[in-house]
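Residue numbers for the first sequence follow the working numbering, beginning at 18 and rising by one. Where is the CB? At the ideal position from N, CA and C, for every residue including glycine. Data block below; observations after.
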Amino acid sequence: MNKRPNVFDRLLAVVSEVPSGRVTTYGDVSAQVVGTTPRLVGFALAGLGEDTKVPWHRVVNAAGRISLPADTPARAEQVKRLRAEGVRFSADESIDLEAFGWF
DNA sequence: TCCATGACCGACT
DNA sequence: AAGTCGGCCATGG
C-alpha cells in the first residue's frame, strides 16, 4: 500500500529493464535509482529467491566479473544463462562491459 | 529497540 | 599496482 515502492522494488525494476544478451553492473543499477547504494543491489538480489522472475543473472560487479562465490551453484547458473544469451566471457571469466554493457 | 552483516564501489596510501 | 577503509539501506536475532 505504499504509493512509493521501496528501493528494493525499484532495483528489481531496473534489472528487469536489462535486455537479453546485455549485462549491467551493481553500481550502474544503483546509479539509476536515487537513494540506493551498490550494497543494496547485491542484498536485494540475494533475497530474491529461486522463483524470482527478475533476470538477476544479468547483473555483475564493476569488474565485469561475477560476484558470487565460486562454490555457489547460483554462480554457475548465471554463467550458463549469460552464455545462452550470447554473452562471451574472457579467459578469466570476466565480461567485457564495453561490448556487453547495458549502456 | 539496538547491533551486526551483506551478490559492492570509490578513493586513498 | 595492490590492499585497506568507510558508506549506504534493509533484514534478522
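Residue range of the alpha helix (DSSP H) that includes residue i
i    : result
L99  : 90-101
A116 : 114-117
A63  : 55-63
F25  : 24-33
D45  : 43-49
Neighbour-count burial assignment, residue i, 16 or more Cβ in a 10 Å radius
i    : result
R56  : exposed
F117 : buried
D45  : buried
S107 : exposed
T69  : exposed
P86  : exposed
R100 : exposed
A61  : buried
Span separating the alpha-carbon of residue i from that of residue j
i    : j    : result
N23  : D88  : 31 Å
A63  : T53  : 16 Å
W119 : S33  : 12 Å
P36  : E67  : 20 Å
V51  : F25  : 12 Å
V31  : Q49  : 7 Å
P90  : K97  : 11 Å
R39  : G103 : 9 Å
E94  : T42  : 18 Å
S47  : P72  : 16 Å
E110 : A79  : 14 Å
Supposed close pair residue i, residue j - CB separation, criterion 8 Å
i   : j   : result
G81 : L28 : Going by Cβ atoms, the distance from G81 to L28 rounds to 19 Å, so no, they are not a contact pair.
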